[in-house]
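Student: Structure in structure tokens, see below.
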Amino acid sequence: MVALSIKELSKNFGSTEVLKKINLDIEEGSFLVLLGPSGCGKSTLLNIIAGLESIDEGAVFIDDYDVSKVEPKDRNIAMVFQSYALYPSMTVRENIIFGLKQAKTPKDKIEKQLEKVSNFLKVDGLLKRKPSQLSGGQRQRVAMGRALVREPRIFLFDEPLSNLDAKLRVEMRHEIKKLYTSLDTTMVYVTHDQIEAMSLASKIAVMNEGIIQQLGDPQEIYDQPNSLFVADFIGSPSMNFINGVLNKNSQSIIFTPNNENNVKLDLSHYNFKSSIEEGLKVVLGLRPEYVSNMQNNDNRNLSKISLKPTIIETTGFDKNVTFDFANTEIIGRFTPNSGVELNKEIDVYFDLSQTSIFDHQTELRL
Amino acid sequence: MSASTNIQYQKLEKRSRITNLLLRWFLYFVLALFAFYFIFPMYVMLVTSFKTMDEIRQGNLLTLPGQLNIESWAVAWGGRGYGAGDTYLRPYFWNSIKMVVPATFFSTFIGALTGYVLTKWRFKGDSWVFLFLLFGCFIPYQAILLPMARTLGVLGISNSIIGLVFVHSIYGIPFTTLFFRNYYVSIPNELIKAARIDGAGFFKIFFKILIPISAPIIVVTVIWQFTQIWNDFLFGATFSFGKAAPIQVALNNMVLSSTSVKEYNVDMASAIIAGFPTLIVYVLAGKYFIRGLTSGAVKG
Amino acid sequence: MLKWLEKNLPKIVLAPSVGLISWFVYGFILWTFYISFTNSKILPKYELWGVGQYVKLWGTRKWLIAVDNLLIFTVLFLVICIVIGVVLAIFLDQKIRAEGVLRTIYLYPMALSFIVTGTAWKWILNPTLGIEKLFVDMGFENFTFDWLVNREMAIYTIVIAGVWQSSGFVMALFLAGLRSIEDEIVKAAKIDGASLFTVYWKILIPMMRPVFFTSFVILVHISIKSYDLIVALTQGGPGISTTMPALFMTQTAFHKSQVGLSAASAMMMFMAVAAVIIPYLYSELRRENVS
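Residue numbers (the working numbering), protein chains in the order written: chain A, 1 to 366; chain H, 1001 to 1300; chain V, 2001 to 2291.
Structure, rendered in structure tokens:
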């Protein structure tokens, strides 16, 4: 069933439209990530779901009830903040049970919940400490404990890992994933980090300038981005973009990159949404892993071009190699033993079975 | 969801809306009440200063004057024109100006230099020096009145404006140092290091680099010193009498002089004149005034 | 020579301030301290006399009244200023439309001198023409308000005027403190279901502990130094019923020509202030070094 539903939601701050007619349905038990750059409206949307911001137009439904005017405390939600927002003058124990006390929960239930949660998150040894005496990771866990103990219908996360250092971030990401798999509660998570989004989400909503650019599961968004923005935002190193023109004849559709009129890439296999006109200006998107030295001879969509590397970066398990092509820089991922050297021409294979083609003008997927 | 949950949600919605409205009204009521408490004396002073003594005796604190009678203002400022025994504020107003301007300048300048040294030319024990100076903010001046009175006498500047400038400049140093030190602490040291690499010396760095970006703290310090010195009574009353007195002393003398008839309207006009400069500074540059209060206090 | 000058320039520049303060603050206090142990009358004598002045001081009725008044005043002043300051700060923190105007109104008394304040309130509390007449005119025929000339009640008029002058300052401190708290904590509390009252009472006000401390220290300090306000409002009267240590000190030195006794009273004031300030400075500096 649908746990959370957003209908035609709009929000303005002064004269700026921060959210423009957002529509979103989230199935119960899914992990939705709102992903986007700063200012795209993701935090505002989260705050509106929580009831911390007012709505200008539209409505929010939790379990089919219109909660647009309901106070946060009555929405059956819990939230974990970027700065953890633990109450500094209270102990960890008091922090965690604060919400339950406000709801006048009976004492024995409070104790039971507290024990359950503190054991689960391994904060039982910290109960008597104050937040100032905790490390970053411990504070994060206490913040999650405070949210968990109320057994909410929906968990909200507002960039909870942004304040942590890289190593801790990976650890805590795993904790959150474990939490999700064991609890199976609906979660809505805001982040600007696409790696976080990809690893945690069951569904990602990529947002930009107040609208949802694409909603889908991680692999779908990775393989089939529906706009240039989404394609560029997801994936590291980012997707290669080559400007060019599509020509069609009776048998095939050929892509010619600008400034490389000798190169003709056969895109006949590509699943175009509608018929294309002759001479259409397009952008060819190809992820670095599909620009490589590896050849697989039964893949009929492989094109070979000879190029000279300008930059080589070693990552350990492969090499990121930069080439000048079609008046732009493209990056490929080569195996460590490929023998690639600076300025020495090498055969580069473009795996065209995995491309994305975008209309140059509308920037939408064709 | 079930119908009963729906009704629960509805009830919760309604309840929050009504209580919110009531709270809002209560809030504004209390705030207005306090606003009245704070404005009341100013209102009374103004209104009284424009009344005639008859109006004062017949009316009460709140009644407005029949017309704006400015006689009391003229008397408060320039007196009645008969020789001795006639005190009025004008000369003492100028005494205060002659005292405040130099004293503010000296104490601010010294404070800026001191703050500069303590933050950008660190040495072992400089925190102790700062503490040493800071203590001067807190001492009750009663503990130095006697020796200061003697010293001024010895220096030949007792009962003079110069004497008061001297006193205020010195006892302003702890405060001005506090302000500048706290401000300069948050200016990155890299700025100074870069200047030194470029070959700038001690004073050049101060005047060419630090001072140009010190505008906010200079304003705060000047406003603070101006207010403190203009409003001072203790030093003025102890170290001067008669002609060299600053305005607060003159005001107090005027109000206290129990001649036959008490002229409350003149008293009020005098009080407003004495309070006017600092009040104007506050109205125009209030946020700097507040910044001085809170930063000085909170940073300790 | 020039090199030495250059190297030590900072310390040389520092020397005037340090020198001036050493002499005119510490030196002078020591002098007063010394004199308090002599039998100086009109002029200072320098032969030590032991603790005679202190004995005399604590046997002087006027001084005892002054100390008693100081205690009453300080407690009331402190409590009322803080209560008003906190309440106003909390109320103003509620996104009020006229916040700027109200803040200006609450704080402007601090821009006035205590003499101006005292003069104004002296008129307002005037026994016949002030508040009393106001209420009588409004219909409360038997209303009296003669606190200003009433030996028992006069001290409370000083509280009224003092609170009027200084509560705005406490409000400014607390408002700044409240505003420095990031709003995520309030958001978390709202989600946890805390009512507005609970948010302030259980979360925000406990976080204001440093501000309480600062306000306490500063208000006590202002209180111990009270002089201008008393002079303007009551001159220490009626009689000596509102006299305070600062008044006592000045009068003994310059009107009663008892320099030694006056020095002793000044030192008592100094010690009272030191007892509050030194722990405060110590904890502030420790906090700064730790963070």
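From the three backbone atoms N, C-alpha and C, an ideal C-beta is built for every residue, glycine too.
Could you work out which residues of chain A lie near V:E2284, taking near to mean beta carbons separated by less than 7 Å?
Tutor: Residue numbering aside, residue 2284 of chain V sits at position 284 when the third sequence is read from its first letter. Near V:E2284 there are no residues of chain A at all, since even the closest Cβ is about 18 Å away, more than 7 Å.
Student: Do the stretch 1044-1052 of chain H and the stretch 1060-1070 of chain H touch if we need at least three Cβ pairs shorter than 8 Å?
Tutor: The stretch 1044-1052 of chain H, when compared against the stretch 1060-1070 of chain H, does touch it at the 8 Å Cβ threshold.
Student: Please go through the same chain and pick out, in chain order, the residues whose beta-carbon is closer than 7 Å to the beta-carbon of V:P2238, but skip the five residues on each side of it.
Tutor: Along the third sequence, read from residue 1 onward, the residue named residue 2238 of chain V stands at position 238. Closer than 7 Å at the Cβ level, and outside the excluded window around V:P2238, lie V2149, R2151, A2154.
Student: Please state the DSSP three-state secondary structure of H:M1001.
Tutor: Stepping through the second sequence from its first residue, residue 1001 of chain H is reached at position 1. Caution applies to H:M1001, whose pLDDT of 43 falls short of 50 and renders its modelled position unreliable; the model cannot decide the point.
Student: With distances taken Cα to Cα, identify the nearest neighbour of H:F1132 among H:I1173, H:R1291, H:G1163.
Tutor: In the second sequence, the residue the question calls residue 1132 of chain H occupies position 132. When only C-alpha atoms are compared, the closest one is H:I1173.
Student: Does A:S292 come out as helix, strand or coil in the three-state DSSP assignment?
Tutor: One-based indexing of the first sequence puts residue 292 of chain A at position 292. Strand.
Student: In whole angstroms, what is the alpha-carbon distance linking A:N293 and A:M90?
Tutor: Residue 293 of chain A sits at position 293 when you count from the first residue of the first sequence. Residue 90 of chain A sits at position 90 when you count from the first residue of the first sequence. Cα to Cα, A:N293 sits roughly 59 Å from A:M90.
Student: Would you say H:V1220 and H:Y1288 are within 7 Å of each other, going by their C-beta atoms?
Tutor: In the second sequence, residue 1220 of chain H corresponds to position 220, counting from 1. In the second sequence, residue 1288 of chain H corresponds to position 288, counting from 1. Yes, the pair counts as a contact, with Cβ atoms nearer than the cut-off.
Student: So, is the C-beta of H:V1255 closer than 7 Å to a C-beta in chain V?
Tutor: Against the second sequence, residue 1255 of chain H aligns to sequence position 255. Yes, because at least one Cβ of chain V sits closer than 7 Å to the Cβ of H:V1255.
Student: Use the C-beta contact count for A:K272: other C-beta atoms within 10 angstroms, 16 or more gives buried, fewer gives exposed.
Tutor: The residue you call residue 272 of chain A lines up with position 272 of the first sequence. Inspection of the sequence shows that residue 272 of chain A is occupied by Phe rather than by Lys. So A:F272 counts as exposed.
Student: In angstroms, rounded to a whole number, what distance separates the CA positions of A:G244 and A:K344?
Tutor: Within the first sequence, the letter at position 244 stands for residue 244 of chain A. Within the first sequence, the letter at position 344 stands for residue 344 of chain A. One C-alpha to the other measures close to 26 Å.
Student: What three-state label does DSSP hand A:P309 in the structure shown?
Tutor: Working through the first sequence from its first residue, we reach residue 309 of chain A at position 309. It is a strand residue.
Student: Figure out for me which residue from H:L1061, H:V1047, H:F1239 has the closest Cα to the Cα of H:N1301.
Tutor: Nothing can be reported for residue 1301 of chain H: it is not among the residues displayed for chain H, which extend from 1001 to 1300.
Student: Say yes only if the C-beta of H:V1047 is nearer than 6 Å to one or more non-hydrogen atoms of the ligand GDP, and no if none qualify.
Tutor: In terms of ligand content, the structure shown is empty, and the ligand GDP therefore cannot be addressed.
Student: Shorter than 7 Å from the beta carbon of V:S2036 to some beta carbon of chain H?
Tutor: Walking along the third sequence from the start, residue 2036 of chain V turns up at place 36. No, no contact with chain H.
Student: Three or more beta-carbon pairs under 8 Å between the stretch 2227-2235 of chain V and the stretch 1114-1130 of chain H, yes or no?
Tutor: Segments in contact, no.
Student: What does the Cβ neighbour count give for A:S227, buried or exposed, with the cut at 16 atoms within 10 Å?
Tutor: Here residue 227 of chain A corresponds to residue number 227 of the first sequence, with the count starting at 1. Buried, by the Cβ-count rule.
Student: Just to check my reading of the structure: H:E1263 and H:S1107 have Cβ atoms closer than 8 Å, yes? What is that Cβ distance to the nearest angstrom?
Tutor: The residue labelled residue 1263 of chain H in the question sits at position 263 within the second sequence. The residue labelled residue 1107 of chain H in the question sits at position 107 within the second sequence. About 37 Å separates the two Cβ atoms, so there is no contact after all.
Student: Per DSSP, which one or two residues make a beta bridge with A:N247?
Tutor: Within the first sequence, the letter at position 247 stands for residue 247 of chain A. Partner(s): A:I254.
Student: Just grab the DSSP bridge partners of A:F330 for me.
Tutor: Taking the first sequence and counting its residues from 1, one reaches residue 330 of chain A at position 330. One detail in the question is off: residue 330 of chain A reads as Ile in this sequence, not Phe. Answer is A:F323, bridged to A:I330.
Student: Straight-line CA distance for A:L156 to A:I62?
Tutor: Here residue 156 of chain A is taken as the residue at index 156 of the first sequence, counted from 1. Here residue 62 of chain A is taken as the residue at index 62 of the first sequence, counted from 1. Their Cα atoms are separated by approximately 13 Å.
Student: If we ignore side chains and look at the alpha-carbon of each, how far apart do A:F334 and A:A103 end up?
Tutor: For the purposes of this step, residue 334 of chain A is taken as residue 334 along the first sequence, with counting starting at 1. For the purposes of this step, residue 103 of chain A is taken as residue 103 along the first sequence, with counting starting at 1. Whole-angstrom Cα-Cα distance: 58 Å.
Student: Is the beta carbon of H:T1019 less than 7 Å from the beta carbon of H:T1114?
Tutor: Residue 1019 of chain H sits at position 19 when you count from the first residue of the second sequence. Residue 1114 of chain H sits at position 114 when you count from the first residue of the second sequence. Cβ distance not < 7 Å, so H:T1019 and H:T1114 don't count as in contact.
Student: Applying a beta-carbon distance threshold of less than 8 Å, which residues of chain B neighbour V:K2256?
Tutor: The displayed structure is made up of protein chains A, H and V, and chain B is not among them.
Student: How about H:Q1228 and H:G1236: do their beta carbons lie closer than 7 Å?
Tutor: Counting from 1 along the second sequence, the entry for residue 1228 of chain H is found at position 228. Counting from 1 along the second sequence, the entry for residue 1236 of chain H is found at position 236. Going by C-beta atoms, H:Q1228 is not nearer than 7 Å to H:G1236.
Student: Could you say which of V:I2021, V:D2137, V:V2075, V:V2055 lies nearest to V:F2037 if we only look at CA atoms?
Tutor: Locating residue 2037 of chain V in the third sequence gives position 37, counting from the first residue. Comparing Cα-Cα distances from V:F2037 to each of V:I2021, V:D2137, V:V2075, V:V2055, the minimum goes to V:V2055.
Student: Please state whether DSSP places V:D2146 in a helix, a strand or coil.
Tutor: Counting from 1 along the third sequence, the entry for residue 2146 of chain V is found at position 146. The answer is coil: DSSP assigns V:D2146 none of H, G, I, E or B.
Student: To be precise: take each residue of the stretch 83-116 of chain A, compare its Cβ to all Cβ atoms of chain V, and keep it if any distance is under 7 Å. Which residues remain?
Tutor: Of all residues in the stretch 83-116 of chain A, S83, A85, Y87, P88, S89, F98, G99, Q102, A103 have a Cβ within less than 7 Å of some Cβ in chain V.
Student: State the CB to CB distance for the pair H:P1041 and V:I2124, rounded to an integer number of angstroms; the pair is presumed to be in contact (CB under 8 Å).
Tutor: Residue mapping note: residue 1041 of chain H aligns to position 41 of the second sequence, counting from 1. Residue mapping note: residue 2124 of chain V aligns to position 124 of the third sequence, counting from 1. 6 Å between Cβ atoms; contact.
Student: Along the stretch 1043-1072 of chain H, where does the CB come closer than 9 Å to a CB of chain V? Name the residues.
Tutor: Answer set for the stretch 1043-1072 of chain H: V1044, M1045, T1048, I1056, R1057, G1059, N1060, L1061, L1062, T1063.
Student: By alpha-carbon positions, which one of V:I2191, V:L2285, V:V2170, V:P2127 ends up nearest to A:P152?
Tutor: One-based indexing of the first sequence puts residue 152 of chain A at position 152. Cα-wise, what sits closest to A:P152 is V:I2191.
Student: What first and last residue would you give for the alpha helix (DSSP H) that runs through A:N208?
Tutor: As a working note, residue 208 of chain A is residue 208 in the first sequence. No alpha helix (DSSP H) holds A:N208; the beta strand (DSSP E) holding it covers 203-208.
Student: I want to see whether chain V comes within less than 7 Å of A:K130, judged by CB atoms only; does it?
Tutor: On the first sequence, residue 130 of chain A is found 130 positions in, with the first residue counted as 1. No, its Cβ sits nowhere closer than 7 Å to a Cβ of chain V.
Student: To be precise: take each residue of the stretch 2183-2196 of chain V, compare its Cβ to all Cβ atoms of chain A, and keep it if any distance is under 7 Å. Which residues remain?
Tutor: For the stretch 2183-2196 of chain V, which is checked against every Cβ of chain A, the residues closer than 7 Å are E2184, I2185, K2187, A2188, K2190, I2191, D2192, G2193, A2194.
Student: To which residues does DSSP link A:N240 through a beta bridge?
Tutor: As a first step, residue 240 of chain A is located in the first sequence; it is residue number 240 there, counting from the start. For A:N240, which the question treats as bridged, DSSP gives the partners A:L286.
Student: Alpha carbon to alpha carbon, how far is V:D2137 from H:A1076?
Tutor: Translated into the one-based positions of the third sequence, residue 2137 of chain V becomes position 137. Translated into the one-based positions of the second sequence, residue 1076 of chain H becomes position 76. If you take the alpha carbons of V:D2137 and H:A1076, they lie about 29 Å apart.
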